[in-house]
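J.: For the protein sequence lines, the chains are A and B, in the order given. Position 85 (the first sequence) corresponds to 85 in the working numbering; numbering is contiguous. Position 86 (the second sequence) corresponds to 86 in the working numbering; numbering is contiguous.
Number of protein chains: 2
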Amino acid sequence: MDNAGSLGELRALDVFRELSATGQQMLECGMQLNHFDELKTIINKGNTVSGAYVVVRGRLRVYSISPGGNEATLYFINPGEVCILALNCIFNNLQYPAWVQSEPDTCVGMIPSLTYRTLFQNEPSIQNLTVHALSVLVFRLMEELEEIHSLNLNERLAKFILMRSEGVGQLRMTQSELAAHLGTTREVIAKLLRRMVADKAVKTLRGAIVVEQAEQLARLAGQR
Amino acid sequence: MDNAGSLGELRALDVFRELSATGQQMLECGMQLNHFDELKTIINKGNTVSGAYVVVRGRLRVYSISPGGNEATLYFINPGEVCILALNCIFNNLQYPAWVQSEPDTCVGMIPSLTYRTLFQNEPSIQNLTVHALSVLVFRLMEELEEIHSLNLNERLAKFILMRSEGVGQLRMTQSELAAHLGTTREVIAKLLRRMVADKAVKTLRGAIVVEQAEQLARLAGQR
DNA sequence: AAGGCTCTGTAGCAAAAGCTACACAAGGCC
DNA sequence: GGCCTTGTGTAGCTTTTGCTACAGAGCCTT
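Structure (structure tokens):
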């Protein structure tokens with residue numbers, strides 16, 4: 001996880017900005033911006049992807065849905081990063097293997113497949129960016145897999161709250177949403193939260209979790 | 001999962017062979033072959049990686065170990081494929097984030113980091129190979145994550161046996177090994193196998209599982 | 001203010017998975 | 001053959017997670 005963080009420096013947006021600044025690339029003609037005010041599903045599983053996505057503002061959430069209807073977040077795409085899964089599909093003409101959803105107030109740039117492939121062939125910076133983005137994703141997925149195997153739900157929940165409340169001290173999210181991220185159900189989240197509340201680690205509000213004692217929470221996340 | 005399969009055509013070994021055949025690359029000087037007769041741990045978590053690994057024969061297994069000591073397989077690297085995680089580390093000077101183990105009778109070629117980086121900068125085929133290998137890995141990891149979220153142990157076990165016994169009709173593996181792959185314990189595997197035996201889907205031997213009725217097994221793997 | 005919607009709290013039972021403990025079987029080695 | 005190691009079968013208990021059901025609280029709309 002620290003590893004993955006240290007990889008996050010090469011920002012897709014900067015690369016594209018620089019490229020278009022130099023002028024010799026036909027970049028402007030390609031990138032089109034889309035803005036999403038509220039939560040919206042952008043790609044459905046099985047969709048054909050028409051281009052590479054770059055997150056300008058906000059965040060994208062890539063998730064899967066089980067036959068039973070339960071959602072589970074696979075990973076997030078943060079501002080400045082490309083949606084490498086889309087690249088994946090572009091390079092191999094595949095269908096997108098998951099769902100993608102925008103968080104509220106998210107802005108996404110789209111570069112047509114063909115443009116991206118041309119850029120990749122001619123621009124070392126784009127080659128690096130691509131490899132880099134894929135690497136980051138691999139790290140995130142491995143980290144997620146590892147956590148699922150070695151932590152139980154309680155620990156994963158504590159960790160999730162801790163990570164996503166950083167700075168603010170609270171996490172604006174309903175318990176159903178939390179459940180969808182961790183691949184479980186609302187009632188289970190409620191049950192676990194009840195224990196954390198009893199431990200005075202957090203406080204629950206409508207639509208939010210307030211972190212009371214971060215170290216207490218960290219302890220819950222750390223060991224069983 | 002069908003997606004991942006269709007990605008597997010670009011074989012690392014062929015690319016390197018071709019490159020060294022053309023002669024203008026200093027490839028021979030780089031690749032050194034290692035042979036492993038039996039199960040052996042090649043990379044430990046946190047190790048610094050000294051080069052790119054190409055599997056010539058056999059198979060590599062990438063896995064994680066939880067604090068409790070339980071293993072869980074993240075994915076396999078098949079003949080002709082590169083260990084992209086190692087590439088990852090090469091490009092970003094990171095430590096390897098998991099353990100790697102060779103199966104019996106496995107042959108692995110190693111290309112020093114520097115050589116690989118040079119190749120990547122100059123050879124389009126290597127660039128493609130790299131992106132391709134990373135893409136395949138991303139698909140495999142996503143598939144694994146999705147399965148963990150949507151299938152229970154019984155279904156995952158059935159699927160695992162089915163996949164790994166293809167053609168032969170049996171799976172040469174102890175129950176402890178099975179447990180390590182699926183991230184659980186021997187007793188649980190034994191319990192699940194007992195049910196499958198009662199259903200006449202499989203038969204258990206010492207060190208092996210024999211598939212009796214593949215469709216029966218497929219049914220167990222398919223739904224709950 | 002009334003009604004409706006969404007979110008939360010709680011209980012209780014069912015199923016899944018993990019853990020401990022032990023008996024027995026198969027194969028290798030001396 | 002006897003011993004040792006490794007692998008398997010089984011039982012019973014605990015913990016975790018999932019599922020069903022319902023009550024109440026907060027917020028918005030009309």
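Quick reminder that beta carbons are idealized off the backbone N, C-alpha and C, glycines included.
To the nearest angstrom, how far is the alpha carbon of G63(A) from that of E144(A)?
T.: As a position in the first sequence, residue 63(A) is number 63, starting the count at 1. As a position in the first sequence, residue 144(A) is number 144, starting the count at 1. Note that residue 63(A) corresponds to Tyr in the displayed sequence, not to Gly. For Y63(A) and E144(A), the distance between alpha carbons rounds to 13 Å.
J.: DSSP puts E71(B) in a beta bridge; with which residues?
T.: Walking along the second sequence from the start, residue 71(B) turns up at place 71. Beta-bridge pairing links E71(B) to I65(B).
J.: Which whole-angstrom value is the C-beta distance of K203(A) and V197(A), which I expect to be below 8 Å?
T.: What you label residue 203(A) is simply residue 203 of the first sequence in a count that begins at 1. What you label residue 197(A) is simply residue 197 of the first sequence in a count that begins at 1. Confirmed, about 7 Å.
J.: For V168(A) and L137(A), what's the separation of their Cα atoms in angstroms?
T.: Position 168 of the first sequence, counted from the start, is the residue given in the question as residue 168(A). Position 137 of the first sequence, counted from the start, is the residue given in the question as residue 137(A). The alpha-carbon atoms of V168(A) and L137(A) are separated by roughly 26 Å.
J.: Buried or exposed: where does K159(B) fall if 16 or more other Cβ atoms within 10 Å of its Cβ makes it buried?
T.: Position 159 of the second sequence, counting from 1, holds the residue named residue 159(B). Around the C-beta of K159(B), 16 or more other C-beta atoms lie within 10 Å, and the residue is accordingly described as buried.
J.: Ordered along the chain, which non-local residues of its own chain (more than five positions away) have a Cβ less than 7 Å from that of R156(B)?
T.: Taking the first residue of the second sequence as 1, we reach residue 156(B) at position 156. E147 and L182.
J.: May I ask you to list, following chain order, the residues of the stretch 158-185 of chain A that have a beta carbon less than 8 Å from some beta carbon of chain B?
T.: Per Cβ criterion, the list reads G183.
J.: DSSP puts C107(A) in a beta bridge; with which residues?
T.: In the first sequence, the residue the question calls residue 107(A) occupies position 107. Within the DSSP secondary-structure output, C107(A) pairs in a beta bridge with H35(A) and R57(A).
J.: Cβ of M110(A) within 7 Å of Cβ of Y53(A)?
T.: Residue mapping note: residue 110(A) aligns to position 110 of the first sequence, counting from 1. Residue mapping note: residue 53(A) aligns to position 53 of the first sequence, counting from 1. Yes, these two residues count as a Cβ contact at 7 Å.
J.: Where does A218(B) land, buried or exposed, given buried means 16+ other C-beta within 10 angstroms?
T.: Residue 218(B) sits at position 218 when you count from the first residue of the second sequence. The residue in question, A218(B), is exposed, as its Cβ has fewer than 16 Cβ neighbours within 10 Å.
J.: So H149(A) contacts chain B; which residues on that side make the cut at Cβ distance below 7 Å?
T.: Residue mapping note: residue 149(A) aligns to position 149 of the first sequence, counting from 1. H149(A) reaches chain B at S64, S66, A72 and G183, counting residues in chain order whose Cβ is nearer than 7 Å.
J.: For L151(A) and T185(B), what's the separation of their Cα atoms in angstroms?
T.: Taking the first sequence and counting its residues from 1, the one referred to as residue 151(A) is at position 151. Taking the second sequence and counting its residues from 1, the one referred to as residue 185(B) is at position 185. Rounded to whole angstroms, L151(A) to T185(B) spans 15 Å at the Cα level.
J.: In the structure shown, what three-state DSSP assignment does G40(A) receive?
T.: On the first sequence, position 40 is the one that residue 40(A) refers to. Before going further, note that residue 40(A) is Lys rather than Gly in the sequence given. Of the three classes helix, strand and coil, the one that applies to K40(A) here is strand, per DSSP.
J.: Output yes if chain B places a C-beta closer than 7 Å to the C-beta of L141(A); else output no.
T.: If you number the first sequence from 1, residue 141(A) lands on position 141. So yes, L141(A) belongs to the interface.
J.: Tell me whether the beta-carbon of I189(B) lies closer than 7 Å to the beta-carbon of L205(B).
T.: Working through the second sequence from its first residue, we reach residue 189(B) at position 189. Working through the second sequence from its first residue, we reach residue 205(B) at position 205. No, the pair does not count as a contact, with Cβ atoms beyond the cut-off.
J.: Between E103(A), N93(A) and Q127(A), which lies nearest to S113(A) when the distance is taken from Cα to Cα?
T.: The count along the first sequence starts at 1 and reaches residue 113(A) at position 113. The candidate whose alpha carbon is nearest that of S113(A) is N93(A).
J.: Find out if the Cβ-Cβ distance for the pair E81(B), A180(B) is shorter than 7 Å.
T.: Taking the second sequence and counting its residues from 1, one reaches residue 81(B) at position 81. Taking the second sequence and counting its residues from 1, one reaches residue 180(B) at position 180. No; because the gap between Cβ atoms is not below 7 Å, this pair is not in contact.
J.: What are the residues that DSSP puts in a beta bridge with I209(B)?
T.: Along the second sequence, one-based indexing puts residue 209(B) at 209. The partner list for I209(B) (beta bridge, DSSP) reads L171(B) and T204(B).
J.: How would you call S102(B), buried or exposed, if buried means at least 16 neighbouring beta carbons within 10 angstroms?
T.: Sequence index remark: in the second sequence, residue 102(B) carries index 102 (1-based). The residue in question, S102(B), is buried, as its Cβ has 16 or more Cβ neighbours within 10 Å.
J.: Run down chain A in chain order and give the residues with a C-beta less than 8 Å from the C-beta of N78(B).
T.: Within the second sequence, numbered from 1, the residue matching residue 78(B) stands at position 78. Under the 8 Å cutoff, chain A gives no residues; its nearest Cβ is about 17 Å from N78(B).
J.: Sorted by chain position, which residues of the same chain lie with C-beta nearer than 7 Å to A221(A)'s C-beta, five sequence neighbours on each side aside?
T.: Locating residue 221(A) in the first sequence gives position 221, counting from the first residue. If we look at A221(A) and ignore the five residues flanking it on each side, its Cβ neighbours are E155, A158, K159 and L162.
J.: Considering only heavy atoms of the ligand MN, does any lie closer than 6 Å to the CB of G80(B)?
T.: Inclusion of the ligand MN in the displayed structure is not the case, the ligand content being empty and no account of it being possible.
J.: Which class does G51(B) belong to by DSSP, given the choice of helix, strand or coil?
T.: Position 51 of the second sequence, counted from the first residue, corresponds to residue 51(B). Strand.
J.: With a threshold of 7 Å between beta-carbons, can E146(B) be considered close to chain A, or not?
T.: Locating residue 146(B) in the second sequence gives position 146, counting from the first residue. Judged by the 7 Å Cβ criterion, E146(B) is in contact with chain A.
J.: Out of Q170(B), M173(B) and C83(B), point me to the one whose CA is closest to V49(B)'s CA.
T.: For the purposes of this step, residue 49(B) is taken as residue 49 along the second sequence, with counting starting at 1. Closest by alpha carbon: C83(B).
J.: Can you tell me whether P112(A) is helix, strand or coil according to DSSP?
T.: As a position in the first sequence, residue 112(A) is number 112, starting the count at 1. In this structure, P112(A) counts as strand in the three-state DSSP scheme.
J.: Who are the neighbours of T130(B) on chain A, taking C-beta pairs under 7 Å?
T.: Residue mapping note: residue 130(B) aligns to position 130 of the second sequence, counting from 1. Neighbours of T130(B) on chain A, chain order: V131.
J.: Against V138(B), what residues of chain A qualify as contacts under a CB-to-CB distance less than 8 Å, listed in chain order?
T.: As a working note, residue 138(B) is residue 138 in the second sequence. Those within 8 Å of V138(B) in chain A are I84, L85, N88, L134, L137, V138 and L141.
J.: How far does the beta strand (DSSP E) with V131(A) in it reach, from first residue to last?
T.: Working through the first sequence from its first residue, we reach residue 131(A) at position 131. Run containing V131(A): none in the beta strand (DSSP E); it sits in the alpha helix (DSSP H), P124 to S150.
J.: Checking the sheet assignment: what are the DSSP bridge partners for I77(B)?
T.: Stepping through the second sequence from its first residue, residue 77(B) is reached at position 77. In DSSP, I77(B) forms a bridge with L60(B).
J.: Could you tell me if L39(A) is buried or exposed, where buried requires 16 or more neighbouring beta carbons within 10 angstroms of its beta carbon?
T.: Here the question's residue 39(A) lines up with position 39 in the first sequence. Around the beta carbon of L39(A), fewer than 16 other beta carbons lie within 10 angstroms, which makes this residue exposed.
J.: Could you compute how far the alpha carbon of V131(B) sits from the alpha carbon of R172(A)?
T.: Indexing the second sequence from 1 puts residue 131(B) at position 131. Indexing the first sequence from 1 puts residue 172(A) at position 172. Across the structure, V131(B) and R172(A) are spaced so that their CA atoms are roughly 37 Å apart.
J.: Compare the beta carbon distance of R59(A) and F76(A) with 7 Å and say whether it is the shorter of the two.
T.: For this step, residue 59(A) is matched to residue 59 along the first sequence. For this step, residue 76(A) is matched to residue 76 along the first sequence. Yes, Cβ-Cβ distance for R59(A) and F76(A) is below 7 Å.
J.: Closest to E166(B) by C-alpha separation, out of L134(B), V210(B), Q175(B) and E187(B), would be which residue?
T.: Start at 1 with the first residue of the second sequence, and residue 166(B) comes out as number 166. For E166(B), the closest C-alpha among the options L134(B), V210(B), Q175(B) and E187(B) is that of V210(B).
J.: Is it true that the CB of C107(B) sits closer than 7 Å to the CB of R61(B)?
T.: On the second sequence, position 61 is the one that residue 61(B) refers to. On the second sequence, position 107 is the one that residue 107(B) refers to. No. Outside cutoff.
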